[in-house]
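Notes for the one structure printed next.
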Amino acid sequence: MRIERDILDKNNDHAAQNRARFMQTGTFALNFVSSPGSGKTSLLVRAIGDLRERFPVAVIEGDQQTSNDAERIRAAGAPAVQINTGKGCHLDAHMVAHGLEKLKLERGGLLFIENVGNLVCPAAFDLGEAHKVVVLSVTEGQDKPLKYPEMFAASDLMLLNKADLLPHVDFDVTGCVANALKINPDLQTLLVSARTGEGLPAFYAWLEGRAARWARANAPKAVAE
Ligand code: MG
């Protein structure tokens, strides 16, 4: 327990440094978390195509191995840094700090951090992001919020992805949302499809609203003349 607390304390120090850096550069950062296979990378590829006229977008990709996802992101038109965690099951704030050294952050830009696919460990590690966004797909169990409550408690938005597959699967959207709200009454939920684009305008509206709120809260204090 002692070791675990030390690790988390160190992580929180690095997260605070990342957060200060995001304030300096005016970067709105989101940390995307989910099980493997929920469609995080496909969502980001679609979002980059839809948003890059409005925002500079940069991406940090976390996976145990390969740079496949960073390559997909670059092909979609955004700069990306791949972090391989090896045996590690999550990104930590120190790894993200190193990743940031390789990215040019533009003022008013977005940073998407795609965490390692894992619904457990990433919940405990603050990376300095403004919000965690948990992605759940309709091919998974609707009781996942109850089975992995820490992640749903730590997130501010749940994207229910692969909505286009709903006619083919037995997934109870209302039941899933009810489960998530039992864990986190403030969690917002959007039904989306990275494949068809369904629901994504609502996600972009959420993102723009939160980014504007974040920018107001973190604006440099006006200096009296
Ligand atoms: Mg991925």
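Offset between the sequence shown (1-based) and the working numbering: plus 81.
Even for Gly, the Cβ is constructed at its ideal location relative to N, Cα and C.
Checklist entry - Would the C-beta of threonine 23 count as close to the ligand MG, meaning under 6 Å from any of its heavy atoms? => result The question about residue 23 has no answer here: the residues shown for the chain are numbered 82 through 306.
Item to check | Collapsed DSSP secondary structure at aspartate 245 in the structure displayed | outcome: Residue state, collapsed to three classes: helix.
Next on the checklist: Please report the distance separating the alpha-carbon of arginine 153 from that of threonine 122.
Outcome noted: Note on geometry: alpha-carbon atoms of arginine 153 and threonine 122 lie some 8 Å from one another.
Next on the checklist: For phenylalanine 284, tell me which candidate among Asn265, Asp237, Asp87, Ala259 has the shortest Cα-Cα distance.
Outcome noted: Check the Cα spacing between phenylalanine 284 and each of Asn265, Asp237, Asp87, Ala259: the tightest is with Asp237.
Item to check | Inter-residue spacing [alpha-carbon to alpha-carbon] between aspartate 150 and lysine 91 | outcome: So the alpha carbons of these two residues sit roughly 28 Å apart.
Item to check | Heavy atoms of the ligand MG versus C-beta positions, residues under 6 Å | outcome: Those residues, listed in chain order, are Lys121, Thr122, Asp150, Glu195.
Next on the checklist: With DSSP as the reference, identify every bridge partner of aspartate 224, one or two as the case may be.
Outcome noted: BP columns for aspartate 224 are empty, so no partner.
Item to check | alanine 305 burial status per 10 Å Cβ neighbour count (16 or more: buried) | outcome: Because the pLDDT at alanine 305 is just 48, under 50, the model does not fix this residue reliably, and the point stays unresolved.
Next on the checklist: So if DSSP puts serine 218 in a beta bridge, which residue, or which two residues, is it bridged to?
Outcome noted: Among the bridge pairs identified by DSSP, serine 218 is matched with Asn242.
Next on the checklist: Check this for me: beta carbons of histidine 95 and alanine 161, under 7 Å apart or not?
Outcome noted: No, the pair does not count as a contact, with Cβ atoms beyond the cut-off.
Checklist entry - Excluding sequence positions up to five away, which residues of its chain have a Cβ less than 7 Å from the Cβ of arginine 102? => result Scanning its chain for C-beta atoms nearer than 7 Å, with the 5 sequence neighbours on each side dropped, one finds around arginine 102 the residues Leu181, in chain order.
Checklist entry - Distance, Cα to Cα, valine 138 vs asparagine 112? => result Between valine 138 and asparagine 112, the alpha-carbon positions lie close to 14 Å from each other.
Checklist entry - Which word fits threonine 108, buried or exposed, when buried means at least 16 other C-beta atoms lie within 10 angstroms of its C-beta? => result With 16 or more Cβ atoms within 10 Å of its Cβ, threonine 108 is classed as buried.
Next on the checklist: Taking DSSP's pairing of strands, which residues face valine 309 in a bridge?
Outcome noted: Absent from the structure is residue 309, since the part of the chain shown begins at 82 and ends at 306.
Checklist entry - For the alpha helix (DSSP H) that contains glutamine 98, what are its first and last residues? => result 83–106 is the extent of the alpha helix (DSSP H) around glutamine 98.
Checklist entry - What three-state label does DSSP hand alanine 204 in the structure shown? => result The DSSP-derived three-state label of alanine 204 is helix.
Item to check | Three-state class that DSSP yields for alanine 305 in the structure shown | outcome: Caution applies to alanine 305, whose pLDDT of 48 falls short of 50 and renders its modelled position unreliable; the value that the coordinates give is listed next. Looking at alanine 305 - three-state DSSP - the assignment turns out to be coil, as it is neither helix nor strand.
Item to check | phenylalanine 233 - containing beta strand (DSSP E), residue span | outcome: Counting along the chain, phenylalanine 233 falls outside any beta strand (DSSP E), though it belongs to the alpha helix (DSSP H) covering 230–235.
Item to check | Closest residue to leucine 124 among Leu281, Ala293, His212 (Cα-Cα distance) | outcome: Taking the Cα of leucine 124 as reference, the smallest distance to any Cα among Leu281, Ala293, His212 is reached at Leu281.
Next on the checklist: Rounded to whole angstroms, what is the Cα-Cα separation between glutamine 145 and asparagine 199?
Outcome noted: Each residue's alpha carbon lies about 11 Å from the other.
Checklist entry - By how many angstroms is the C-alpha of methionine 104 removed from the C-alpha of arginine 294? => result Approximately 13 Å between the Cα atoms of the pair.
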